[in-house]
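**Q** I have a structure I would like to understand better, so I am pasting it below and will then ask my questions one at a time.
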Amino acid sequence: MTDRAQSAFALPLAQADPEVAAAIEHETLRQHEGLEMIASENFVSEAVLEAAGSVFTNKYAEGYPGRRYYGGCEFTDVVENLARDRAKQLFAVPGVALHANVQPHSGSQANAAAYMAVLEHGDTILGLDLAHGGHLTHGHKLSFSGKQFRPTFYTVRKDTERIDYDELESIAVREHPKVIIGGASAYSRIWEFGRMRQIADKVGAKLIIDMAHIAGLVAGGAHPTPVGHAQIVTTTTHKTLRGPRSGLVLCDQELAAAVDRAVFPGQQGGPLVHIVAAKAVAFKEALQPDFAAYARQIVANSKALSAALQAGGWRIISGGTDNHMMLVDVFSQGILGSEAELALGKAGITVNKNAIPYDANPPLKPSGIRVGTPALTTRGMKESEMHQIALWIGKALESRNDDAVLARIRGEVGEMANHFPLYAWRREPVTTAV
Ligand code: PLP
């Protein structure tokens, strides 16, 4: 045995770093035992996890397949080409010559690259207001997007809580944006991408659609595709798409060179090759016929949950959902979103507090919670489980100050979760406190 084989280099994590190992085990148990209802989260397959934890983490690979600034990239080229080809196949639309860049480290970097490909510093962008469901990178003043560009916003209507495309058009005519960006972090209705492209064309803007939340639904045919409407489509790969934590840009061939230059060297250095490999695996999974069934079930579960919550007296923003998530106006029952998040957490149900449109409460104590079904659908849960979960949510919120009731619900939640196992290698609880 060499010296190195005997050193910490060769030890399993549990021996090399018991503290980190324990935290990972605790997180594994948390994911198994609770109900993960954060709308932007999901569980990747064993195969995606394996690729993400592979030796490709060791590789530098600035550049693109066949045009690298480093040697030893022959296998990196294999996985990047697989990821690119599969992404194009997954989101293919007849008559559209699609280009894919699979290197963005995240959704935010995908958006930064998309802007960089078509905008100059100071140009006007028009996005959905964060307070109405948009994302920070769509022009918020604290984000690079609000600092480098001149941000303008559209909103949802107060009465319908849906995007008003006529209003969007009049704002676009008034503000002359160079980019209109669609997509959201908290919007539960179908996007009208064709209408958005008409508006963009009318004012001479490019249309960028950030489909981060709904990419898996688009891939599975459960939401209309922005491809063919938007000149650039960006996405995260870890939400409904069920891949590793990362980003992707799709664009028309005419913008391919500008997008590639904007990702590298514009926004990033070397790609995370292990994550590119994991994206390739995830895209292959999403190309299988059962992924379409998965996408449909996400929406069916979301609709079932929304209807059951409404039957329990909860107000759902815009009156329901067409996709994987909903916003619940808990403040209409006198409960702050922050209180609801805490109480549900104690009951083993993970959600996040969220502003609702025209929220009278501040961002850290907003009026709503955002609830999503992608992760539970991955575990195999269906409409009947959604009905039970709606009952638990109602009971937990009503009993938010009663820790005994919340603990009892947590026990019931754990029992149900056990019937929907996740990773086969799950181990028994460790004793090390974290
Ligand atoms: N775009 C949208 C619509 C999002 O919801 C998110 C993240 O939640 C992002 C972009 C940013 O993704 P990331 O966290 O990978 O930077």
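Just so we're aligned: the sequence shown equals residues 246 to 679 in my numbering.
For each residue, glycine too, the CB sits at the ideal point set by N, CA and C.
Just so it is clear, the structure is predicted and the values come from calculations on it, not from any experiment.
1. The ligand PLP heavy atoms versus the CB of Gly-511: any closer than 7 Å?
2. Let me confirm a value: Gln-354 is counted as buried when at least 16 other C-beta atoms fall within 10 Å, else exposed. Which label applies?
3. Taking only heavy atoms of the ligand PLP into account, decide whether any of them is closer than 7 Å to the Cβ of Gly-352.
4. Regarding Thr-382 and the ligand PLP, is the C-beta to nearest heavy atom distance less than 7 Å?
5. Do Ala-553 and Met-631 have their beta-carbon atoms positioned less than 8 Å apart in this structure?
6. Can you tell me whether Lys-304 is helix, strand or coil according to DSSP?
7. For the ligand PLP, any of its heavy atoms closer than 7 Å to the Cβ of Ala-359?
8. Taking 7 Å as the cut-off, is the beta-carbon of His-458 closer than that to any non-hydrogen atom of the ligand PLP?
9. So, for Val-675: in the same chain, excluding its five sequence neighbours on each side, which residues have a beta-carbon less than 6 Å away from its beta-carbon?
10. Taking 7 Å as the cut-off, does the CB of Ala-429 come closer than this to any heavy atom belonging to the ligand ADP?
11. In the DSSP assignment, find the unbroken beta strand (DSSP E) run with Leu-343 in it and report its ends.
12. Label Pro-263 either buried or exposed according to how many other C-beta atoms from any shown protein chain fall within 10 Å of its C-beta, with 16 as the threshold for buried.
13. At which residues does the alpha helix (DSSP H) containing Thr-485 begin and terminate?
14. Please name the residue in Val-448, Glu-319, Leu-371 whose C-alpha comes closest to that of Ile-454.
15. By DSSP, does Asn-356 sit in helix, in strand, or in coil?
16. Is Gly-492 near the ligand PLP, judged by its Cβ being under 7 Å from some heavy atom?
17. Would you mind sorting His-421 into buried or exposed? The rule is 16 or more other CB atoms within 10 Å of its CB.
18. Could you tell me the boundaries of the alpha helix (DSSP H) in which Val-544 lies?
19. Classify Arg-615 as buried or exposed, calling it buried when 16 or more other Cβ atoms lie within 10 Å of its own Cβ.
20. On the premise that Ala-306 lies in contact with Ala-503, defined as a C-beta separation below 8 Å, what is that separation, rounded to the nearest angstrom?
**A** Looking at the coordinates:
1. Taking the first residue of the sequence shown as position 1, residue 511 is located at position 266. No - the ligand PLP has no heavy atom lying nearer than 7 Å to the Cβ of Gly-511.
2. In the sequence shown, the residue the question calls residue 354 occupies position 109. So Gln-354 ends up on the buried side.
3. Here the question's residue 352 lines up with position 107 in the sequence shown. For the ligand PLP, at least one heavy atom lies less than 7 Å from the Cβ of Gly-352.
4. Here residue 382 refers to the residue found at position 137 when the sequence shown is read from its first residue. Yes, Cβ of Thr-382 sits closer than 7 Å to a heavy atom of the ligand PLP.
5. Working through the sequence shown from its first residue, we reach residue 631 at position 386. Working through the sequence shown from its first residue, we reach residue 553 at position 308. Going by C-beta atoms, Met-631 is nearer than 8 Å to Ala-553.
6. Against the sequence shown, residue 304 aligns to sequence position 59. DSSP places Lys-304 in the coil class of the three-state scheme, outside both helix and strand.
7. For this step, residue 359 is matched to residue 114 along the sequence shown. Not one heavy atom of the ligand PLP sits closer than 7 Å to the Cβ of Ala-359.
8. By one-based count along the sequence shown, residue 458 stands at place 213. Yes.
9. By 1-based counting over the sequence shown, the position of residue 675 is 430. At Val-675, the pLDDT of 47 sits below 50, so the modelled position is not reliable and the matter cannot be decided from this model.
10. Among the ligands present in this structure, namely the ligand PLP, the ligand ADP is not found.
11. Here residue 343 refers to the residue found at position 98 of the sequence shown. Segment 343-346, the beta strand (DSSP E) holding Leu-343.
12. By one-based count along the sequence shown, residue 263 stands at place 18. With fewer than 16 Cβ atoms within 10 Å of its Cβ, Pro-263 is classed as exposed.
13. Within the sequence shown, the letter at position 240 stands for residue 485. Careful: Thr-485 lies outside any alpha helix (DSSP H) and carries neither H nor E.
14. By 1-based counting over the sequence shown, the position of residue 454 is 209. Out of Val-448, Glu-319, Leu-371, Leu-371 has the C-alpha closest to the C-alpha of Ile-454.
15. Working through the sequence shown from its first residue, we reach residue 356 at position 111. Correct three-state label for Asn-356: helix.
16. In the sequence shown, counting from the first residue as 1, residue 492 sits at position 247. Within the chosen limit of 7 Å, the ligand PLP reaches the beta carbon of Gly-492 through at least one heavy atom.
17. Position 176 of the sequence shown holds residue 421. His-421 is exposed by the Cβ-count criterion.
18. Against the sequence shown, residue 544 aligns to sequence position 299. Run containing Val-544: 534-556, per the alpha helix (DSSP H) assignment.
19. On the sequence shown, position 370 is the one that residue 615 refers to. A residue is called buried once 16 or more other Cβ atoms fall within 10 Å of its Cβ, and Arg-615 is buried on that count.
20. Start at 1 with the first residue of the sequence shown, and residue 503 comes out as number 258. Start at 1 with the first residue of the sequence shown, and residue 306 comes out as number 61. Ala-503 to Ala-306, Cβ: 21 Å. No contact.
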